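Residue 1489 in the numbering used here sits at position 441 of the sequence shown, with consecutive numbering throughout. Think of the CB as a built atom: it goes at the ideal place given N, C-alpha and C, for glycine as much as any other residue. Remember, it's a predicted structure, so these values are computed and weren't measured experimentally. See below for the structure under consideration.
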Amino acid sequence: MGRRPIPAQPKLDPDSRLAGLGTEQQLRILIEGVRDCALFMLDVNGRVCTWNPGAERIKGYSTAEIIGAPYAQFFTPEDVAAGEPARALATAALTGKYEKEGWRVRKNGERFFASVLLDAVHDTDGVLIGYAKVTRDITERRNAQLALEETREALFQAQKMEAVGQLTGGIAHDFNNVLAGIMGSLELLRARIAAGRIAEADRYVELALTAAERAGRLTQRLLAFGRRQPLKMQAVDVNDTLVSMQDMLARTLGEGIAVTLHLSAGLPPAWTDPNQLENAVLNLALNSRDAMPAGGRLSIATALETDRDGKPDIIALTITDSGEGMSPEVLARAFEPFFTTKPFGQGTGLGLSMIHGFAKQSGGNLTLTSSPGAGTQAILHLCVAEGGATRPAPAGANVRRGHGERLLLVEDEPQVRQLVAEILTSLGYEPITAEDGREALAHLGGGLQVRAMVTDIGLPGGMDGRQLADFVRQMRPGLPVLFITGYAADAAQRPDFIAEGMDLLVKPFTTDTLAARLQALLVGADGGR
């Protein structure tokens, strides 16, 4: 086989007008012909030496009025005050290039978002003689990108709320059961006390507390579906999670779908976000339900997979349905954001995409197997956690009672305020109550001495609990503060919300949990004594 000839280098047409021009003239024509970019030169002090029509169009200055002017006038006043123009020149001189996106200012004062490149220019001896500057107006591109991100975020939230909507029936049923358990236990307790049968009181108190704790878990699960939050990775017992979800899944999916669990014994904990794991399982189950309009079977199984050395490596959570299945074409696009086969308005097409993203973010993966008429199998792979699963401490473990310490309790709900005050009193503290920030500050301004403050975050009167804590610490630096709230995730999104000597307690909470948090804050304030 002969060698292919090397193609000849293209040459300018001899009759072309460019062919008769020198290199410098060709370069000048090129620069002046560019209208979408500002191309100009700066001297070593950052003053404008050359100017092209693109620069005039983007920045608004004519050549006559800009030559010799400092290029710093293209920056915003904030950037000038921060020394950004000089920093850009120094960076380019040191590294050869300065590149950044940011706000710039036109002649008329209008701001635009720019992509900026500043190259250092040297002579043949390597001496810096100036800078080549390229500026592009990317305002429209940035606005389009921001609009796309906002749309995606809105759709992500819509998908979460869609899941919440489908949960509503099951959640309402669960809450009615919880309320029935609490009310029934309290009525029986009242009847036993009236009859003088005190010995049976503990039993009904435990039943009411168990029901209340279940209600708390339901509210936290519901909040987790509707809010934006980063992954909160921890060691999670996957089997326990699935068992706790079984009743909810059965109610949500309906009587026509039989849900069975096949859980591997001795399964190690997974390293994942427990709320997002529940969200993933729920959404996969809802997808299976939609694929079985006439009813069917849903199997959820766990297994431990090992690596090449035989060491436990991956936990496989498998969800299998007996539904309609997917064609190869649909299966190939299943993880695409916004792709859905559901009728308009009945799905965002983000469910599988979000679960796949969650699995990847957790260090795992999601795989799908399906064919028409043969159902679908989804396998969620999760990394094995080091150590044991995260479990709550035993009730009453290592809890120190108070010794008459005076506490400031701020809570606007009268019933909650009275209840927490009585709990604090039973723990050996002396609570002084206030219904809002103004009353709390009045107590302290009058000379009240307290060891710590316990405050709700959502207070009336224009001052929330966090703002109150700032004011209080101006009067009493370092005072321990325990926030109590039903919306912990909203507070936790602010990285500076919990400062040193502060803690956050989510409603509803047990007496032991409140006592333990207070103990930790007071011991910390005492230097660990």
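| field | Alpha carbon of N1287 to alpha carbon of I1427, nearest angstrom | value | Distance between the alpha carbons of N1287 and I1427: 15 angstroms.
| In this structure, does DSSP put L1566 in helix, strand or coil? | DSSP, read as helix, strand or coil, puts L1566 in helix.
| task | Along the beta strand (DSSP E) that carries P1550, what are the first and last residues, could you check? | result | Sequence check: residue 1550 is Met here, not Pro. Element bounds for M1550: 1550 to 1554.
| message | Per DSSP, what are the beta-bridge partners of F1123 in this structure? | response | According to DSSP, F1123 bridges with R1152.
| Buried/exposed call for A1445, threshold 16 Cβ in 10 Å | In this prediction, A1445 scores a pLDDT of 46, lower than 50, which makes its location untrustworthy; no coordinate-derived value is stated.
| query | If you draw a straight line from the C-alpha of Q1567 to the C-alpha of F1161, how long is it? | reply | About 52 angstroms.
| task | Assess, as a yes-or-no matter, whether the stretch 1100 to 1110 is touched by the stretch 1189 to 1208 under the definition of 3 or more beta carbon pairs within less than 8 angstroms. | result | Result no; under three Cβ-Cβ pairs closer than 8 angstroms.
| query | Whose C-beta lies closer than 8 angstroms to the C-beta of Y1252 among residues of the same chain, with five residues either side of it excluded? | reply | S1233, L1234, L1236, L1237, R1240, listed in sequence order.
| Check whether W1319 and G1411 have beta carbons under 9 angstroms apart | Taking a C-beta distance under 9 angstroms as the contact criterion, W1319 and G1411 qualify as a contact pair.
| task | Go through its chain and collect everything with a Cβ distance to D1167's Cβ below 6 angstroms, but skip five positions before and after it. | result | If you ignore the 5 residues before and after D1167, its C-beta comes within less than 6 angstroms of the C-beta of K1145, A1180, all in its own chain and listed in chain order.
| task | Please go through the same chain and pick out, in chain order, the residues whose beta-carbon is closer than 8 angstroms to the beta-carbon of Q1515, but skip the five residues on each side of it. | result | For Q1515, where only same-chain residues beyond five positions count, the Cβ hits under 8 angstroms are G1485.
| task | Please check the pair P1420 and G1344, which I expect to be a contact at CB under 8 angstroms, by giving their CB distance rounded to whole angstroms. | result | Between G1344 and P1420 the Cβ distance is about 15 angstroms, and since that is not below 8 angstroms, they are no contact.
| message | For N1413, report the span of its alpha helix (DSSP H) as first-last. | response | Bounds of any alpha helix (DSSP H) do not take in N1413; it lies within the beta strand (DSSP E) bounded by 1413 to 1418.
| said: Tell me the rounded alpha-carbon separation between A1517 and G1534. | reply: The straight-line gap from Cα to Cα measures roughly 18 angstroms.
| said: Can you find the residues in the same chain that come closer than 7 angstroms, C-beta to C-beta, to R1521, ignoring five residues on each side of it along the sequence? | reply: Answer for R1521: L1527, listed in chain order.
| task | Whole angstroms is fine: what's the gap from A1120's alpha carbon to I1106's? | result | Straight across, the Cα-Cα distance linking A1120 with I1106 is about 16 angstroms.
| task | Quick one: measure Cβ to Cβ for R1499 and L1455, integer angstroms, because I've assumed they're closer than 8 angstroms. | result | The C-beta distance from R1499 to L1455 rounds to 6 angstroms, short enough to fall under 8 angstroms.
| Three-state secondary structure assigned by DSSP to A1206 | In the three-state DSSP reduction, A1206 falls in the helix class (H, G or I).
| request: Write down the C-beta distance between A1339 and D1295 rounded to the nearest angstrom, noting that I regard them as a contact closer than 8 angstroms. | output: A Cβ-Cβ separation of about 22 angstroms leaves A1339 out of contact with D1295 under the 8 angstroms criterion.
| query | Enumerated in chain order, which unbroken segments of the beta strand (DSSP E) with a length of 3 residues or greater are wholly contained in the stretch 1323 to 1362? | reply | Within the stretch 1323 to 1362, the complete beta strand (DSSP E) runs of at least 3 residues are 1344 to 1354.
| task | Look at the alpha carbon of P1317 and the alpha carbon of L1569, and state the distance between them as a whole number of angstroms. | result | Roughly 30 angstroms between the two C-alpha positions.
| For I1571, the three-state DSSP class (helix, strand or coil) | One detail in the question is off: residue 1571 reads as Val in this sequence, not Ile. In the structure shown, V1571 sits in a helix (DSSP, three-state: H, G or I).
| How many Å lie between D1560 and F1545 at the Cα? | Each residue's CA atom was taken as its position, placing D1560 and F1545 some 24 angstroms apart.
| Local conformation of D1560 per DSSP, three classes | Helix, per DSSP.
| task | Using a threshold of 9 angstroms, state whether the C-beta atoms of P1118 and R1095 are closer than that. | result | Taking 9 angstroms as the Cβ cut-off, P1118 and R1095 qualify as a contacting pair.
| request: Taking only the alpha-carbon atoms, compute the straight-line gap between G1509 and T1258 and give it to the nearest angstrom. | output: So the alpha carbons of these two residues sit roughly 35 angstroms apart.
| field | Distance, H1310 Cα to G1395 Cα | value | Because G1395 sits at a pLDDT of 44, beneath the cut-off of 50, its placement in the model cannot be relied upon, and the point is left open.
| Expressed to the nearest angstrom, what Euclidean distance is found between the alpha-carbon atoms of I1305 and K1555? | Cα to Cα, the separation comes out at about 34 angstroms.
| query | Between the Cα of Q1409 and the Cα atoms of Q1324, A1202, S1375, which residue gives the shortest distance? | reply | Each of Q1324, A1202, S1375 was checked against the Cα of Q1409, and the nearest Cα belongs to Q1324.
| Alpha-carbon to alpha-carbon, G1506 and V1571 | Approximately 27 angstroms, taken between the alpha carbons.
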